Amino acid sequence: MAMDITKHYPFTSNYLDLNGLAYHYLDEGSGDPVVMVHGNPSWSFYYRNLVLALRDRYRCIVPDHMGCGFSDKPGDDRYEYTLPRRVDDLERLIDHLKVNKNITLVVHDWGGMIGMAYAVRHPERIKRLVILNTAAFHLPKEKPFPLALKICRDTMLGTLLVRGFNAFSLAASFVGCKRNPMNAELRKAYQAPYDSWQNRIATLRFVQDIPLAPGDRNYDMVSSVESGLEQFRNLPMSIFWGELDFVFDRAFLAQWKRRFPAAEVHSYGDAGHYILEDMGNEIIPLISDFLSRTEIKP
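The numbering of the sequence shown is the UniProt record's numbering, which starts it at 1 and goes up by one.
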């Protein structure tokens, strides 16, 4: 990563060895664990301000998925860029850190699928949920698969655009924030890990791993996670949503609300996909307040 991002990201890096590959994570503060799971094409940088706000009261654990952020970026010969592997990685990290109860799970984008798949494996460990523009279920029937994602997922042109020109990360840094567009320095920080063809492998593989129809790789896994969501209905849940997200739009929000009618919902008609970045000044105090109000009794 060429640029110096320590001004925005003043944390100590930790690494877990996963079969000879370095899996980077933050482990800041102490107290009950708050595990934050990022999506594509972002990295742990997305959660930096939330970590700074919470680490005086909570233990903030934030991994970089393999191929993302400060984690290694291996080729396909050394790592299988698939949903089950992502969940296994997260599980190994949480087990390594001996975090086995009272977890608050914060999820965004692909982090929703990965984090909730972990939650379905270990429901007894999960105590609260914070949901940010994400899904843990199949594409809603009323939502067409976006053309831009279809090109990235299914065509050689998409491969060239994503790996040759960093189009996915570049575009996300421009369109991800609507109310408060990122300045050039922040856009560079989001794109920094993805600075070569090799280092953009995860960005492409995430899109290629989206299961859309029965028979697609991991379609059945998504189905099983979707059917397992019911068991979390009575947990405290707070949802924060940018309605101008071109993928995770109001159709996805409606699915969360239908499944979790008791959830607190904060939806913003003029905010985008990177909701925590776009609306951070407003949302971070609300998340902090939500955690205080739902404090876990020993």
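Here a beta-carbon is modelled for each residue, glycine too, at the ideal position from N, C-alpha and C. Keep in mind that this is a model prediction, so the values were computed, not measured.
Measuring CA to CA, which of the options is closest to residue i?
{"i": "I201", "options": "D77, D4 and I5", "result": "D77"}
{"i": "L18", "options": "R92, R55 and N199", "result": "R92"}
{"i": "E142", "options": "S288, A271, F252 and I275", "result": "F252"}
{"i": "S169", "options": "N199, P146, T294 and P144", "result": "N199"}
{"i": "E226", "options": "A53, S13, F70 and A117", "result": "A117"}
{"i": "R233", "options": "R57, F174 and R258", "result": "R258"}
{"i": "N100", "options": "N14, W241, V247 and A119", "result": "A119"}
{"i": "D231", "options": "E243, P123 and R179", "result": "At residue 231 the sequence reads Gln, which differs from the Asp that was named. Nearest C-alpha to Q231: P123."}
{"i": "residue 300", "options": "F290, P146, A184 and A172", "result": "There is no way to answer for residue 300, as the model of the chain reaches only from 1 to 298."}
{"i": "K127", "options": "Y274, P33 and A271", "result": "P33"}
{"i": "V207", "options": "W197, K150 and W256", "result": "K150"}
{"i": "K188", "options": "P285, R179 and F174", "result": "F174"}
{"i": "I31", "options": "D56, N49 and Y47", "result": "In the sequence as presented, Ile is not what sits at residue 31; that position holds Gly. Here the closest residue by C-alpha is D56."}
Just the Cα atoms here: how many angstroms apart are residue i and residue j?
{"i": "C152", "j": "Y81", "result": "16 Å"}
{"i": "A2", "j": "M66", "result": "Caution applies to A2, whose pLDDT of 49 falls short of 50 and renders its modelled position unreliable; the model cannot decide the point."}
{"i": "L16", "j": "I94", "result": "11 Å"}
{"i": "K7", "j": "L186", "result": "11 Å"}
{"i": "S292", "j": "H266", "result": "17 Å"}
{"i": "P214", "j": "M221", "result": "11 Å"}
{"i": "G269", "j": "D245", "result": "10 Å"}
{"i": "V51", "j": "R163", "result": "30 Å"}
{"i": "L26", "j": "G39", "result": "16 Å"}
{"i": "D217", "j": "N166", "result": "A small fix is needed here, since residue 217 is Arg in this sequence, not Asp. Answer to the nearest angstrom: the Cα atoms are 25 Å apart."}
{"i": "Y58", "j": "W241", "result": "23 Å"}
{"i": "G280", "j": "A184", "result": "18 Å"}
{"i": "Q191", "j": "K98", "result": "32 Å"}
{"i": "R43", "j": "F248", "result": "Reading the sequence as shown, one finds Trp at residue 43 and not Arg. Looking at the two C-alpha atoms, the distance is approximately 18 Å."}
{"i": "I283", "j": "H96", "result": "30 Å"}
{"i": "P10", "j": "A53", "result": "13 Å"}
{"i": "P84", "j": "D4", "result": "33 Å"}
{"i": "L90", "j": "A136", "result": "16 Å"}
{"i": "C68", "j": "F45", "result": "10 Å"}
{"i": "P181", "j": "L235", "result": "33 Å"}
{"i": "I287", "j": "G29", "result": "17 Å"}
{"i": "M156", "j": "N133", "result": "28 Å"}
{"i": "G158", "j": "P146", "result": "13 Å"}
{"i": "P285", "j": "W256", "result": "22 Å"}
{"i": "P144", "j": "D209", "result": "17 Å"}
{"i": "L160", "j": "D154", "result": "12 Å"}
{"i": "D289", "j": "E295", "result": "10 Å"}
{"i": "N49", "j": "S13", "result": "16 Å"}
CB-CB under 6 Å to residue i, same chain, minus the five flanking residues each way: which ones, in chain order?
{"i": "V35", "result": "I61, I103 and L105"}
{"i": "A263", "result": "M237 and I239"}
{"i": "V37", "result": "V107, G111, I114 and G115"}
{"i": "Y219", "result": "P211"}
{"i": "Y274", "result": "G176 and C177"}
{"i": "G228", "result": "V120"}
{"i": "D64", "result": "H24, W43, S44, F70 and S71"}
{"i": "R205", "result": "Y81"}
Looking at the secondary structure, which residues open and close the beta strand (DSSP E) in which residue i lies?
{"i": "R57", "result": "Per DSSP, R57 belongs to no beta strand (DSSP E) and is neither H nor E."}
{"i": "Y133", "result": "The sequence shown places Asn at residue 133, rather than the Tyr named in the question. Here the beta strand (DSSP E) through N133 covers I126 to T134."}
{"i": "V37", "result": "P33 to V37"}
{"i": "G242", "result": "M237 to G242"}
{"i": "V23", "result": "Here residue 23 is Tyr; the residue named in the question, Val, does not match the sequence. Here the beta strand (DSSP E) through Y23 covers L21 to E28."}
{"i": "H266", "result": "E264 to Y268"}
{"i": "D17", "result": "N14 to L18"}
Give the range of the alpha helix (DSSP H) segment to which residue i is assigned.
{"i": "M116", "result": "W110 to R121"}
{"i": "W256", "result": "R250 to R259"}
{"i": "A202", "result": "I201 to Q208"}
{"i": "residue 303", "result": "Since the first residue of the chain shown is 1 and the last is 298, residue 303 is not available in this structure."}
{"i": "N102", "result": "Looking at the DSSP string, N102 is not in any alpha helix (DSSP H), and its letter there is neither H nor E."}
Spatial neighbours of residue i within its chain, please: CB distance less than 8 Å, with the 5 preceding and 5 following residues excluded, ordered by chain position.
{"i": "L21", "result": "M66, S71, D72, P74, R78 and Y79"}
{"i": "S223", "result": "H138"}
{"i": "A148", "result": "A171 and F246"}
{"i": "V87", "result": "I114, A117, Y118 and R121"}
{"i": "M254", "result": "One detail in the question is off: residue 254 reads as Ala in this sequence, not Met. So the qualifying residues of the chain are P140."}
{"i": "L276", "result": "Y46, Y47, N49, L50, H108, L132, F240, I283 and I284"}
Within a Cβ cutoff of 7 Å, which residues of the same chain sit near residue i, ignoring the five residues on either side of it in sequence?
{"i": "T203", "result": "N40, P41, V162, F168, S169 and Y194"}
{"i": "G272", "result": "V175, G176, C177, K178, G242, L244, D245 and D278"}
{"i": "F260", "result": "R233 and M237"}
Does the CB of residue i have a neighbour CB from chain C at under 8 Å?
{"i": "P146", "result": "Among the chains in the structure shown there is no chain C, since it carries only a single protein chain."}
Quick check on the DSSP output: what are the complete beta strand (DSSP E) runs of length 3 or more inside the segment 140 to 205, in order along the chain?
As far as the segment 140 to 205 is concerned, it has no whole beta strand (DSSP E) run of at least 3 residues.
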